[in-house]
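First the structure, in the form of structure tokens, and then the observations on it.
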Amino acid sequence: MFDFQFLSYNAQSVLLSTFLLGIAAGIIGCFAYWKRQSLMSDALSHAALPGVVLGFAVLGEKNLFVMILGAAITALLGAWMIHLIRTSSRVKEDAAMGIVLSVYFGLGMMLLTFVNKMPNGNQSGLDSFIFGQAASMVNKDVWTMIGVATVVLIMMIIMFKEWKLFLFDPSFAKGLGLSLTKMNVIYMALLVLVIVVGIQAVGVILMAALLIIPSVSARYWTDSFKTMVILSALFGGGSGLVGTLISTLGSGWPTGPFIVITASLLFVLSLAVGRKKGLITLYLQHRSKQIFNGLKQMEEGQ
Amino acid sequence: MSYAGWIILTASLVGLTCGLIGVLLILRRMAMMADAISHTVLLGIVCAYLITRELSGIHMLYGAIIAGLITAVLVQWFHTRGVQQDAAIGVVFTTLFAIGVILIATKVGNAHLDVKHTLMGEITFIPWEKISIPILGDVPEAVVLLTIVLCIILFVIFAFYKEWKITSFDPALAASIGIPVVLMHYAFMSLVSLTTVAAFDAVGAIMVVAMLITPAATAYLWTDRLSWMFVLSSLFGILSSFIGYYMAVWLDTTISGAMAFSTGIIFMLSFIFSPRYGLIAKWFHNRRSSKSLGIFR
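Sequence order for the protein chains is A and B.
Just so you know, my numbering puts 236 at position 236 of the first sequence, and the rest follows in order with no gaps.
Counting from 1 along the second sequence, just add 302 to a position and that's the residue number in my numbering.
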């Protein structure tokens, strides 16, 4: 296999973590894509910030589990608020997401200034949650990533048929006796799980990219949902791997943005030559059809 | 004017300007576009800095408007290529933002331009960066910039009030009576970028999103009239900057974060207590209608 011996042990853990994160985000991103909720992930990752900071403030030290718990609570609260605003007022979903995103982030920033005034708050490195600092991840975080990726994969595989029904024909799914509320809860839980583990690697702002871009890219290659999920996971994992490698080349280079750029390059590639809807592919198909028609006409003419 | 006075004035100008533009954003259902533009403006500023090597207002304005327009054009282009609207927004703004962050981290990182500053803003420095204006004396640069942008926006909105109204509520009708809908879309996107960058320096990207979307959405809960919505939204914007400032002073915390949070408080209060579209009003309305149905039963 690949030889990563030139990287330190720590760098190898980081590499493995971002790879697994990319896979998990790629899979969940496909669900979000078909639920037409791509930007929901953006809102939720911002909404997780106050929870991360609160989790730190409660214990006074960096405990990953408590911080993730806090993030999950505020992110779910944000999701619930978006739902509440959308269903019980005339404000539309996009505005509701914008409100939750910015207000929670403002609250997070306020809490962050409080924490920075705490005795050991200054060294907390909480700022890194905004842009992500994959380099600061340690061995323990790798295990968290492995856990999350496994959970996502298992839920994906054992419930594949249910997911398909849930995403593409909810009313039929309901008719079959599948509880849509339950599916929604599972979907939301998985989404929030991936987001809160991911923000320490790529940051609050760019977490959305990891969920959105791989699935959109995968869409250019296939019409089958199964293939799309697999491709999206590969794209996500690949971008995590390559982006992290690039960011180790320079000192102080941020990991998150490089992962996003790698994912975007894959997207541009898919947009150009994707097998199903790629622009160049469509153009070539169009041309060959023209040529074929031309030949046919010539034949008929003879 | 006192130090606190300038800060409140700056914030109120942000609230007023964003409140006006926000109304159109909400009605055109483009709230998340504002979020996208507020992030991509970063790339515009960085590029302007890389080309001119100075951080002056006017270059940053150009850079930001161009970045905003590129965002709008790219999102539209992907959308016509079959990508869902919100996925297109997500792809475009995260990519452009990531490029901006990388450029800052690798090329231009210095004391004047860092990502954190552009995201959170640093309103406390506003009163120190003054320029002198003939009659008024020394005025902070941000205040001048915001006033100019406010005038432009007031002019554009009220000179084409009818056109904005029709294109926002019924684009098909607007197109059929010959209003250039596409042109107005991009003009509007330029206005959003202009507002964002003017407010950016003072309060940062996230706060701009809060100020653009939340006061306007709050006003939407109070009235059905467009003219009233403009008035209410600006008032809510100004009110939240006041509340935010005093809350920040009281709790000794970040001013822009507190302002963003106070827009949320005003929204939540309206969401519950608004006389027509609030939760309580709705609850009463539902009860009354079910009671009156009971009589007929």
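Cβ coordinates follow ideal geometry from the N, Cα and C atoms, glycine included.
Distance, residue j Cα to residue i Cα
| i | j | result |
| --- | --- | --- |
| residue 404 (chain B) | residue 253 (chain A) | 7 Å |
| residue 441 (chain B) | residue 195 (chain A) | 44 Å |
| residue 190 (chain A) | residue 57 (chain A) | 25 Å |
| residue 510 (chain B) | residue 101 (chain A) | 12 Å |
| residue 111 (chain A) | residue 277 (chain A) | 46 Å |
| residue 149 (chain A) | residue 46 (chain A) | 21 Å |
| residue 296 (chain A) | residue 288 (chain A) | 12 Å |
| residue 413 (chain B) | residue 332 (chain B) | Because the pLDDT at residue 413 (chain B) is just 48, under 50, the model does not fix this residue reliably, and the point stays unresolved. |
| residue 54 (chain A) | residue 265 (chain A) | 36 Å |
| residue 593 (chain B) | residue 587 (chain B) | 10 Å |
| residue 188 (chain A) | residue 290 (chain A) | 47 Å |
| residue 310 (chain B) | residue 536 (chain B) | 15 Å |
| residue 272 (chain A) | residue 379 (chain B) | 14 Å |
| residue 465 (chain B) | residue 506 (chain B) | 31 Å |
| residue 231 (chain A) | residue 348 (chain B) | 34 Å |
| residue 353 (chain B) | residue 211 (chain A) | 33 Å |
| residue 186 (chain A) | residue 167 (chain A) | 13 Å |
| residue 70 (chain A) | residue 143 (chain A) | 19 Å |
| residue 541 (chain B) | residue 174 (chain A) | 47 Å |
| residue 562 (chain B) | residue 508 (chain B) | 8 Å |
| residue 478 (chain B) | residue 490 (chain B) | 20 Å |
| residue 363 (chain B) | residue 131 (chain A) | 25 Å |
| residue 471 (chain B) | residue 330 (chain B) | 7 Å |
| residue 221 (chain A) | residue 94 (chain A) | 29 Å |
Beta-carbon proximity check, residue i vs residue j, cutoff 7 Å
| i | j | result |
| --- | --- | --- |
| residue 342 (chain B) | residue 398 (chain B) | yes |
| residue 75 (chain A) | residue 85 (chain A) | no |
| residue 497 (chain B) | residue 323 (chain B) | yes |
| residue 25 (chain A) | residue 236 (chain A) | yes |
| residue 579 (chain B) | residue 523 (chain B) | yes |
| residue 27 (chain A) | residue 145 (chain A) | no |
| residue 201 (chain A) | residue 396 (chain B) | no |
| residue 244 (chain A) | residue 227 (chain A) | no |
| residue 288 (chain B) | residue 368 (chain B) | One cannot answer for residue 288 (chain B) here, as it falls past the ends of chain B, which runs 303 to 599. |
| residue 98 (chain A) | residue 545 (chain B) | no |
| residue 328 (chain B) | residue 461 (chain B) | no |
| residue 568 (chain B) | residue 520 (chain B) | yes |
| residue 267 (chain A) | residue 213 (chain A) | yes |
| residue 543 (chain B) | residue 314 (chain B) | yes |
| residue 263 (chain A) | residue 239 (chain A) | yes |
| residue 443 (chain B) | residue 433 (chain B) | yes |
| residue 365 (chain B) | residue 350 (chain B) | yes |
| residue 325 (chain B) | residue 531 (chain B) | yes |
| residue 426 (chain B) | residue 113 (chain A) | no |
| residue 216 (chain A) | residue 389 (chain B) | yes |
Simplified DSSP assignment, three categories, for residue i
| i | result |
| --- | --- |
| residue 338 (chain A) | Only positions 1 to 302 of chain A appear in this structure, which leaves residue 338 (chain A) out of reach. |
| residue 328 (chain B) | helix |
| residue 413 (chain B) | Unreliable placement is indicated for residue 413 (chain B), whose pLDDT of 48 sits below 50; the coordinate value is still reported in the next sentence. Reduced to three states, the DSSP call for residue 413 (chain B) is coil. |
| residue 506 (chain B) | coil |
| residue 442 (chain B) | strand |
| residue 433 (chain B) | strand |
| residue 143 (chain A) | helix |
| residue 317 (chain B) | helix |
| residue 222 (chain A) | coil |
| residue 204 (chain A) | coil |
| residue 278 (chain A) | coil |
| residue 466 (chain B) | helix |
| residue 493 (chain B) | helix |
| residue 8 (chain A) | coil |
| residue 118 (chain A) | coil |
| residue 580 (chain B) | coil |
| residue 296 (chain A) | helix |
| residue 530 (chain B) | helix |
Candidates the options: closest to residue i by CA position
| i | options | result |
| --- | --- | --- |
| residue 254 (chain B) | B:491, B:577, B:393 | Nothing can be reported for residue 254 (chain B): it is not among the residues displayed for chain B, which extend from 303 to 599. |
| residue 29 (chain A) | A:192, A:99, A:55 | A:192 |
| residue 503 (chain B) | B:305, B:307, B:550, B:316 | B:316 |
| residue 79 (chain A) | A:210, A:161, A:167, A:37 | A:37 |
| residue 34 (chain A) | A:282, A:224, A:301 | A:224 |
| residue 159 (chain A) | A:279, A:184, A:294, A:280 | A:184 |
| residue 499 (chain B) | B:570, B:334, B:472, B:319 | B:319 |
| residue 448 (chain B) | B:428, B:533, B:572 | B:428 |
| residue 13 (chain A) | A:139, A:251, A:233, A:198 | A:139 |
| residue 106 (chain A) | B:570, B:566, B:575, B:585 | B:566 |
### Task
Just list the alpha helix (DSSP H) runs in the stretch 234-274 of chain A, keeping only unbroken ones of 4 residues or longer that don't cross its boundaries, in chain order.
255-273
### Message
If we require 4 or more residues per run, which alpha helix (DSSP H) segments fall completely within the stretch 24-108 of chain A?
### Response
38-59, 64-88
### Query
Considering only residues of the stretch 320-402 of chain B, which uninterrupted alpha helix (DSSP H) runs meet the minimum length of 4 residues and lie entirely inside it, listed in chain order?
Segments of the alpha helix (DSSP H) lying fully in the stretch 320-402 of chain B: 333-354, 359-382.
### Contacting positions in the stretch 575-586 of chain B - beta carbon closer than 9 Å to chain E
Of the protein chains in this structure, namely A and B, none is chain E.
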